[in-house]
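**Q**
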Amino acid sequence: MFMQLGGYEVDILVGGYPGKSLRHGGLGWSTVALLRGHGRVAVLDTGSFGLRRYLLQALRDRGVEPGDVTDLVLSHLHYDHVVNWPMFSAARITVGEAELRWALDRPIGDPLVPEFYVRPLADHPRLTTVGEAQEVLPGITAHLAPGHTPGHLMFLLAGAERDLLLVQDAAKYRAELVSGRADMTYDPAVTAATIRRIWEFWRRKPGTVVLPGHDLPMVLEADRPVRMGRQEAGIIALFGEDVADRTLFGLGPAGA
Ligand SMILES: [Zn+2]
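Sequential numbering from 1 applies to the sequence shown in full-length UniProt numbering.
1) Please confirm if the segment 83-92 is in contact with the segment 44-58, defined as three or more CB-CB distances below 8 Å between the two stretches.
2) Counting only the same chain and skipping the five closest in sequence on each side, list residues whose C-beta sits under 7 Å from that of Arg-36.
3) For Phe-88 and Pro-66, which I take to be in contact (beta-carbon distance under 8 Å), what is that distance rounded to the nearest angstrom?
4) Ligand 1 heavy atoms versus the CB of Asp-183: any closer than 7 Å?
5) Distance check for Leu-137 and Ala-103, CA to CA, integer angstroms please.
6) So does Asp-45 have its beta carbon nearer than 7 Å to some heavy atom of ligand 1?
7) Quick check: does the Cβ of Asp-11 come within less than 7 Å of any heavy atom belonging to ligand 1?
8) Helix, strand or coil: which one does DSSP assign to Gly-213?
9) Which residue spans inside the segment 43-130 form an unbroken alpha helix (DSSP H) run of at least 4?
10) Would you give the residue range spanned by the alpha helix (DSSP H) that Leu-27 belongs to?
11) Verify whether the separation of the beta carbon atoms of Val-133 and His-148 is less than 8 Å.
12) Opposite Phe-155 in the DSSP bridges: which residues?
13) What does DSSP give as the partner residues of Arg-224 in its beta bridges?
14) Beta-carbon within less than 6 Å of Gly-28's beta-carbon, same chain only, minus the 5 sequence neighbours each way: which residues are those?
15) Going by DSSP, name the residue or residues bridged to Glu-176.
16) Going along the chain, which residues of its own chain have a beta-carbon closer than 6 Å to the beta-carbon of Val-32, five neighbours each way excluded?
17) Measuring only the C-alpha atoms, how far is Ala-122 from Gln-4?
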């Protein structure tokens, strides 16, 4: 378990990764979190294509079957955060009202919105759409965090002493939090305002954790974001003459 607050046990099922591939499109290695408490089993975002077997195992390692998940909360409707929603057959699905409207309006063939996963969401029998300051789960509120997409939501889990702010792609990784700039934004001024808002939430209570969509969780030390834990990403390459010939390329930070 990563942390316990506000009546929830929080696990990071899949850690986000701050990076891009050189010649194979977006990596889309995004954060997936599990929150258990108040009688609910909630998953935040679903990760990308190719993740299903890993995600299934990460859930089972914690004694959870996909059918046990009562709530799926989506930050925004990019492919690397939503395409695995069909795994959670019993879940109530929560998405931003403005985000859904925006995504449904994207033309077929959009580079980032997975149209054939988004359209059925609109007619999903257990879909809930939310806006600013609405409660998505007991003690967890949604807040508008536009810039990356127009209807992006972040979520505040309020604890007694510190909070957990689930920002996903409102600030994808540490560099965006520190610089106030993002490398994917439809309007840099809107992104900058959202990142300022994240900092306001962050500084309210000492020890508050921010969990970004493509990085490790972070806390503030002397007002600087410090990553918690270490990055465990890598690629197993098969360049040899036997399937047992494997080369591991670690993708951690230089010098780590
Ligand atoms: Zn995104």
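Even glycine gets a Cβ: it sits at the ideal position worked out from N, Cα and C.
**A** Based on what the coordinates show:
1) yes
2) Tyr-8 and Glu-9
3) 5 Å
4) no
5) 23 Å
6) no
7) no
8) coil
9) 52-60, 79-82, 97-105 and 115-122
10) Leu-27 -> no alpha helix (DSSP H), and no H or E assigned at all.
11) It should be pointed out that residue 133 corresponds to Ala in this sequence rather than to Val. Not closer than 8 Å, so no.
12) Ala-142 and Leu-166
13) Glu-221
14) Ser-48 and Asp-80
15) Note: Glu-176 sits in no beta bridge, so no partner.
16) Leu-13, Val-14, Asp-45 and Gly-47
17) 33 Å
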